[in-house]
Amino acid sequence: MRGIYSENLDLLMSESRREWGDRLVLQPAQAGLQTIGWLGGGRTDTEFAKAAIGCGVLVLPLSEWALRWKQKSAVQVGFASVGQEEIRRGVRALATVL
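Numbering-wise, the working numbering puts -2 at position 12 of the sequence shown, and it's gapless, one number per residue.
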């Protein structure tokens, strides 16, 4: 399973750099099932998460998990429970709302 997760993460990282540029920058993950995406452009993570749902992609705004969140807007992006074609579609869909 680790091999599949690693391949999915590699694909997500490369596709996101190509499609999103600096509008949403993923933090490289060493392990796990999800990573963090840092939003550029002054948009809040909750605004972006709502827009993402509108295009069929679920990302979780990190500000909702913190009492005193004072960092740059960020969302949790999962990659382990989806296939590679779904990752590609999701990246393209998110590009339309960034």
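C-beta: ideal position from N, C-alpha, C; glycine also.
(message) Only counting the same chain, and skipping five residues up and downstream in sequence, which positions put a Cβ closer than 6 Å to that of Ser2?
(response) On the sequence shown, position 16 is the one that residue 2 refers to. Excluding sequence neighbours, Ser2 sits near Leu12, Val77.
(message) Quick check: what's the CA-CA separation for Gly(-11) versus Val63?
(response) As a working mapping, residue -11 is identified with position 3 in the sequence shown. As a working mapping, residue 63 is identified with position 77 in the sequence shown. Going by the C-alpha atoms only, they are around 18 Å apart.
(message) Measuring straight from C-alpha to C-alpha, what distance separates Gln20 and Met(-1)?
(response) Translated into the one-based positions of the sequence shown, residue 20 becomes position 34. Translated into the one-based positions of the sequence shown, residue -1 becomes position 13. Rounded to the nearest angstrom, the two C-alpha atoms are 11 Å apart.
(request) Pick helix, strand or coil for Leu53, following the three-state DSSP scheme. (result) By one-based count along the sequence shown, residue 53 stands at place 67. Here Leu53 sits in coil by DSSP.
(request) Use the C-beta contact count for Pro47: other C-beta atoms within 10 angstroms, 16 or more gives buried, fewer gives exposed. (result) Translated into the one-based positions of the sequence shown, residue 47 becomes position 61. Per the 10 Å Cβ criterion, buried.
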